[in-house]
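What follows is a set of notes on a single structure, which appears directly below.
Numbering (the numbering used here), first residue to last: 4 to 291.
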């Protein structure tokens with residue numbers, strides 16, 4: 004990866020990396036949905052393969068680099084990792100049961116819940132922009148949920164719960180970072196606990212045999228997830244934070260495009276309006 008020193012060049016590369024990260028995460032959603040539709044893979048085994056890929060690569064690389072896996076905050080890591088694991092399982096369930104754009108948007112409600120939890124738990128005093136972001140976000144959620152009936156309602160609520168739990172997990176990430184824990188260690192322990200939880204659930208509910216037919220999809224999930232994470236990290240390191248945060252919402256656009264192209268998905272006017280309002284809320288949240 005290029006590490007530019009010129010501010011203008013850094014801004015360009017930061018934006019470029021974030022566009023690629025959004026594309027990678029949207030492609031990950033495609034691989035997840037195809038794995039479920041083509042091979043009948045369940046949420047738990049898909050999650051297992053996704054986090055195992057990250058665990059092996061990150062763990063191996065960190066071991067080769069001589070990094071210490073020891074932490075002085077095992078309890079904090081456990082709760083952060085547990086919240087992240089539950090949110091990830093929920094998110095993958097939603098991807099399998101809702102249009103990609105809707106699933107991507109519901110995951111992005113984590114920014115709304117992070118703001119709300121910062122007020123409730125950290126007692127932060129919100130700015131007028133923060134209040135506007137929260138109010139818009141919840142209006143968007145209500146609009147997105149309102150026209151949905153039947154089985155979709157349950158998946159929608161699971162997606163909303165995933166966003167809320169992700170918001171809590173991100174709050175824990177912030178607190179652990181303030182304690183001096185490196186980002187790689189947070190991701191490692193999250194991947195470790197997620198692998199254990201998803202693996203046990205997959206063993207109980209059933210693993211699909213790995214074949215030459217489904218192996219490319221399993222690898223695709225792992226590669227796109229890892230690429231998205233690395234590209235997003237580089238984007239925030241060298242880019243302008245607000246611009247990068249806004250470009251993160253391109254993931255919703257890419258998800259919508261891929262949903263139409265691969266799965267023939269269509270969204271009604273209410274759903275589109277809800278998505279637009281939630282994305283606007285996220286952009287305002289990044290600006291505040």
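Beta carbons: idealized from backbone N, C-alpha and C, even for Gly.
Predicted model, so just to flag it, every value in this text is computed and none were measured.
What residue from 202, 198, 175 has the CA that sits closest to residue 189's CA?
Taking the chain shown and counting its residues from 1, one reaches residue 189 at position 186. Nearest in C-alpha terms to residue 189, of all of 202, 198, 175, is 175.
Using 10 angstroms around the beta-carbon of residue 152, count the other beta-carbons present and answer buried if the total reaches 16, otherwise exposed.
Here the question's residue 152 lines up with position 149 in the chain shown. In this prediction, residue 152 has a pLDDT of 47, which is less than 50 and means its spatial position is unreliable; what the coordinates show is noted afterwards. Classification for residue 152: exposed.
If we require 4 or more residues per run, which alpha helix (DSSP H) segments fall completely within the segment 144–183?
Entirely contained in the segment 144–183, the alpha helix (DSSP H) runs reaching 4 residues are, in chain order, 154–181.
Between the C-alpha atoms of residue 88 and residue 200, what's the straight-line distance to the nearest angstrom?
For the purposes of this step, residue 88 is taken as the residue at position 85 of the chain shown. For the purposes of this step, residue 200 is taken as the residue at position 197 of the chain shown. In a straight line, the C-alpha of residue 88 is about 8 angstroms away from that of residue 200.
What is the DSSP secondary structure of residue 46, counted as helix, strand or coil?
In the chain shown, the residue the question calls residue 46 occupies position 43. For residue 46, the three-state secondary structure derived from DSSP is helix.
Burial state of residue 130 (16 or more Cβ within 10 Å)
Residue numbering aside, residue 130 sits at position 127 when the chain shown is read from its first letter. Result: exposed.
What residue range is occupied by the uninterrupted alpha helix (DSSP H) comprising residue 210?
Taking the first residue of the chain shown as position 1, residue 210 is located at position 207. From DSSP, residue 210 is part of no alpha helix (DSSP H); its letter is neither H nor E.
According to DSSP, is residue 242 part of a helix, a strand, or is it coil?
Translated into positions along the chain shown, residue 242 becomes position 239. Residue 242 falls in the coil class under three-state DSSP.
So is residue 36 buried or exposed if we call it buried at 16+ other beta carbons inside 10 Å?
Numbered from 1 along the chain shown, position 33 holds the residue referred to as residue 36. Answer is buried; the Cβ neighbour count reaches 16.
Which residue comes first and which comes last in the alpha helix (DSSP H) that contains residue 79?
Reading the chain shown from its first residue, position 76 is the one you call residue 79. Residue 79 -> alpha helix (DSSP H) spans 77–100.
With distances taken from CA atoms, which of 38, 58, 184, 96 is nearest residue 75?
In the chain shown, counting from the first residue as 1, residue 75 sits at position 72. Nearest C-alpha to residue 75: 184.
Cβ-Cβ separation, residue 29 to residue 254 (assumed contact under 8 angstroms), whole Å:
On the chain shown, position 251 is the one that residue 254 refers to. On the chain shown, position 26 is the one that residue 29 refers to. Your pair residue 254 and residue 29 checks out as a contact, with CB atoms roughly 5 angstroms apart and the cut at 8 angstroms.
What three-state label does DSSP hand residue 138 in the structure shown?
The residue you call residue 138 lines up with position 135 of the chain shown. Here DSSP, grouped into helix, strand and coil, assigns residue 138 to helix.
Residue from 80, 72, 32, 16 with nearest C-alpha to residue 182:
As a position in the chain shown, residue 182 is number 179, starting the count at 1. The shortest C-alpha separation from residue 182 is found at 80.
What number of angstroms, rounded off, separates the C-alpha of residue 251 from the C-alpha of residue 239?
Residue numbering aside, residue 251 sits at position 248 when the chain shown is read from its first letter. Residue numbering aside, residue 239 sits at position 236 when the chain shown is read from its first letter. Here the C-alpha atom of residue 251 lies approximately 11 angstroms from the C-alpha atom of residue 239.
By the three-class DSSP mapping on this structure, what secondary structure does residue 124 have?
Walking along the chain shown from the start, residue 124 turns up at place 121. Looking at residue 124 - three-state DSSP - the assignment turns out to be coil, as it is neither helix nor strand.
Going by beta carbon distance, what residues of the same chain come within less than 6 angstroms of residue 247, once the five residues before and after it are set aside?
Looking up residue 247 in the chain shown gives position 244. Taking residue 247 as the centre and dropping the five residues before and after it, the same chain places the C-beta of 17, 21, 238, 239 closer than 6 angstroms to its C-beta, in chain order.
Here's the rule: buried if 16 or more other CB atoms are within 10 angstroms of the residue's CB, otherwise exposed. What is residue 222?
By one-based count along the chain shown, residue 222 stands at place 219. Residue 222 is exposed by the Cβ-count criterion.
Could you pull out every residue in the same chain whose Cβ sits closer than 6 angstroms to the Cβ of residue 277, ignoring the five residues on either side in sequence?
For the purposes of this step, residue 277 is identified with residue 274 of the chain shown, where counting begins at 1. Hits under 6 angstroms: 143, 146, 147.
Check whether the Cβ atoms of residue 113 and residue 173 sit closer than 9 angstroms, and answer yes or no.
Against the chain shown, residue 113 aligns to sequence position 110. Against the chain shown, residue 173 aligns to sequence position 170. Residue 113 places its beta carbon less than 9 angstroms from that of residue 173.
Which two residues bound the contiguous alpha helix (DSSP H) that contains residue 270?
The residue given as residue 270 occupies position 267 in the chain shown. Careful: residue 270 lies outside any alpha helix (DSSP H) and carries neither H nor E.
Alpha carbon to alpha carbon, how far is residue 118 from residue 214?
What you label residue 118 is simply residue 115 of the chain shown in a count that begins at 1. What you label residue 214 is simply residue 211 of the chain shown in a count that begins at 1. Taking the straight line joining both Cα atoms gives about 44 angstroms.
Work out the CA separation of residue 128 and residue 225 for me, nearest whole Å.
For the purposes of this step, residue 225 is identified with residue 222 of the chain shown, where counting begins at 1. For the purposes of this step, residue 128 is identified with residue 125 of the chain shown, where counting begins at 1. Roughly 39 angstroms between the two C-alpha positions.
Spatial neighbours of residue 93 within its chain, please: CB distance less than 8 angstroms, with the 5 preceding and 5 following residues excluded, ordered by chain position.
The sequence position of residue 93 within the chain shown is 90, counting from 1. If we look at residue 93 and ignore the five residues flanking it on each side, its Cβ neighbours are 161, 162, 164, 165, 168.
Is it true that the CB of residue 258 sits closer than 9 angstroms to the CB of residue 27?
Here residue 27 refers to the residue found at position 24 of the chain shown. Here residue 258 refers to the residue found at position 255 of the chain shown. Pairing residue 27 with residue 258 gives a Cβ-Cβ distance that is not under 9 angstroms.
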